[in-house]
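As structure tokens, the structure follows; a few thoughts come after it.
2 protein chains.
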Amino acid sequence: MSSQTQENYLKCIYKICEKNIQGASTNAIAEELETKAATVTDMLKKLSNQKLINYKKYQAVTLTAIGKKQALSIVRNHRLWEVFLVEKLKFSWNEVHEFAEQLEHIKSDELIDRLDLYLGHPKFDPHGDPIPNKNGKIVTHKTIPLNEAKSNEKLIISGVSEHNDDFLSYLNETNLILGQKLVIKKINEYDKSMQLLINKKDSIFISHTVAKNILVLCQ
Amino acid sequence: MSSQTQENYLKCIYKICEKNIQGASTNAIAEELETKAATVTDMLKKLSNQKLINYKKYQAVTLTAIGKKQALSIVRNHRLWEVFLVEKLKFSWNEVHEFAEQLEHIKSDELIDRLDLYLGHPKFDPHGDPIPNKNGKIVTHKTIPLNEAKSNEKLIISGVSEHNDDFLSYLNETNLILGQKLVIKKINEYDKSMQLLINKKDSIFISHTVAKNILVLCQ
DNA sequence: TATTATTTTTAGACTTGTCTAAATATTTTT
DNA sequence: AAAAATATTTAGACAAGTCTAAAAATAATA
Chain A
16 MSSQTQENYL
26 KCIYKICEKN
36 IQGASTNAIA
46 EELETKAATV
56 TDMLKKLSNQ
66 KLINYKKYQA
76 VTLTAIGKKQ
86 ALSIVRNHRL
96 WEVFLVEKLK
106 FSWNEVHEFA
116 EQLEHIKSDE
126 LIDRLDLYLG
136 HPKFDPHGDP
146 IPNKNGKIVT
156 HKTIPLNEAK
166 SNEKLIISGV
176 SEHNDDFLSY
186 LNETNLILGQ
196 KLVIKKINEY
206 DKSMQLLINK
216 KDSIFISHTV
226 AKNILVLCQ
Chain B
16 MSSQTQENYL
26 KCIYKICEKN
36 IQGASTNAIA
46 EELETKAATV
56 TDMLKKLSNQ
66 KLINYKKYQA
76 VTLTAIGKKQ
86 ALSIVRNHRL
96 WEVFLVEKLK
106 FSWNEVHEFA
116 EQLEHIKSDE
126 LIDRLDLYLG
136 HPKFDPHGDP
146 IPNKNGKIVT
156 HKTIPLNEAK
166 SNEKLIISGV
176 SEHNDDFLSY
186 LNETNLILGQ
196 KLVIKKINEY
206 DKSMQLLINK
216 KDSIFISHTV
226 AKNILVLCQ
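Protein chains in written order, with this note's numbering: chain A, 16 to 234; chain B, 16 to 234.
Listed below in structure tokens is the structure:
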């Protein structure tokens, strides 16, 4: 059984590998985990000994099948607890990350299955991220960043690619929440900022940076 | 902020001090925590440096005000999570201890307050143990062990002094659950076993050992 | 009270996870 | 392709928590 620390490394490597197909570099992991490269190297050796990652000196690492299964299990735990915190304890989506970081390490398949049942087998967490099932299967819906969407099409907010508290709070205040329907009314060419229409009446201006981090589904 | 290990020591010392007014001895702590006396001594020094316990060489330790506050906070967390596991996730009272042992270390007053609210500010956990409030105040009701109760009085099961899985499962099977009303019909002098009447019709025989570990309230 | 027996502490070692500083590889740039 | 920059690894150290074996203190008993 992996320690909490090891679980965090696996989760981190999983996250990086989602974007970089080549794998996770020592420095990338160090930056994500806010630790030092030397520390990461030490841990990579340990994870490699346990056959959780594919590690060759000076090369980016990838997860083995076992490692990936463990990583997906942590992700599942994390996202289910986030659903619990938002749906049941009434936290808002920008408050739950730190709590879920702790709760995700609670060890027990039985517990997490009961939680899953209690929550009604949710498919997505409060940020729109998909929740792997108990076998590690993960369903993704094909979302695109808002900045890549076309004007005048019916869109629905179904995720974010930035989980930062400030960003999420801003979205809350602007009513750009999960499930919100919207249409792009105008795209300003010079700075790629855009004007949105939500609820068929309210007009909102957002910057390119914000648009990039909002994921939408075309209806 | 204390580590999980330190929190377990504080909780353990609190538990022992509930019974032994003089304090918790090194060996008692080692036995309860299933570790070695030498390890305990090391930790006692650390806790003492942090002013969490009163420690003098070769003497039983007690908690300081700060230490007691921390211990009560862990106890509160533990018991609230147990209520959650039984009430919401539908575990039975003999299954929840290990999970709560992990959940009790989740750090956040805000989280535990929300959980408390969500559960409706319960006063007792699924085993009948009182839940300290956020200030560490703990209300106890005056229960007595069933073996000390008199025959033919109306009694109500309101706690257990043994939290062992086998014992609790046995109680489950015999319908000797929390809140159960009963009357002692006969006490056998030679082995102190007794015959109980529950639900005004079902007769149950229990040993002295079992009776000792059931706490009842006289109505 | 002197002698056992028990309890507690000390000393030294090990593991996990972390760090800094230095050495070695790999990449990038010229 | 050589020099410079960057990335990664090694070496050695440290803190937390644990252990065994041995020493010291306290308690029990003859």
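C-beta atoms are modelled at their ideal positions from N, C-alpha and C, and glycine is treated no differently.
Look at the Cβ atom of residue i, then the Cβ atom of residue j, and state whether they are nearer than 7 angstroms.
i: B:Val-225; j: B:Leu-212; result: no
i: B:Ser-173; j: B:Thr-155; result: no
i: A:Glu-204; j: A:Asp-140; result: no
i: B:Ile-89; j: B:Lys-26; result: yes
i: B:Pro-137; j: B:Ile-146; result: yes
i: B:Leu-95; j: B:Phe-114; result: no
i: A:Asn-64; j: A:Ala-52; result: no
i: A:Glu-177; j: A:Asn-109; result: no
i: A:Ser-208; j: A:Ser-218; result: no
i: A:Ile-68; j: A:Val-55; result: no
i: B:Gln-117; j: A:Ile-121; result: yes
i: B:Tyr-70; j: B:Leu-59; result: yes
i: A:Lys-84; j: A:Gly-151; result: yes
i: A:Arg-129; j: B:Leu-104; result: yes
Take the Cβ of residue i as the centre, count every other Cβ of all protein chains shown within 10 Å, and call the residue buried at 16 or more, exposed below.
i: B:Pro-135; result: Note that residue 135 of chain B corresponds to Gly in the displayed sequence, not to Pro. Exposed is the call here.
i: B:Met-16; result: exposed
i: A:Glu-125; result: exposed
i: B:Gln-74; result: exposed
i: A:Gly-82; result: buried
i: B:Asp-131; result: buried
i: A:Phe-220; result: exposed
i: B:Ile-36; result: exposed
i: A:Asn-162; result: buried
i: A:Thr-77; result: buried
i: A:Ala-80; result: exposed
i: A:Asn-92; result: buried
i: A:Glu-119; result: buried
Who are residue i's beta bridge partners in DSSP?
i: A:Gln-210; result: A:Lys-201 and A:Phe-220
i: B:Val-231; result: B:Ile-159 and B:Ile-172
i: A:Lys-196; result: A:Ile-171
Using a Cβ-Cβ cutoff of less than 8 angstroms, which residues in the same chain neighbour residue i once the five nearest sequence positions on both sides are dropped?
i: A:Ala-164; result: Leu-170, Ile-199, Val-231 and Cys-233
i: A:Lys-61; result: Gln-21
i: B:Lys-66; result: Thr-79, Ile-81 and Gly-82
i: A:Thr-189; result: Ile-219 and Ile-221
i: A:Asn-167; result: Val-198, Ile-199 and Lys-200
Which same chain residues, not among the five before or five after residue i, have their C-beta less than 7 angstroms away from its C-beta?
i: A:Gly-143; result: Ser-173, Gly-174, Val-175, Leu-193 and Leu-230
i: B:Asn-23; result: Leu-48
i: A:Glu-102; result: Leu-134
i: B:Asp-180; result: Asn-109
i: A:Asn-206; result: For clarity, residue 206 of chain A is Asp in the given sequence; the question names Asn instead. The residues are His-223.
i: B:Val-111; result: Glu-97, Leu-100, Val-101 and Pro-141
Spatial neighbours of residue i within its chain, please: C-beta separation below 6 angstroms, excluding the five flanking residues on both sides.
i: B:Asp-106; result: Looking at the sequence shown, residue 106 of chain B is not Asp but Phe. These residues qualify, in order along the chain: Leu-100.
i: B:Lys-201; result: Gln-210
i: B:Ile-31; result: Ala-39 and Ala-43
i: A:Ile-153; result: Pro-145 and Pro-147
i: B:Asn-214; result: none
i: A:Thr-50; result: none
Q | 4 or more residues per run - each alpha helix (DSSP H) lying fully within the segment 99 to 184 of chain B | A | 112 to 118 and 124 to 133
Give the list of continuous beta strand (DSSP E) stretches no shorter than 3 residues that lie fully inside the segment 17 to 97 of chain B. Qualifying beta strand (DSSP E) stretches: none in this window.
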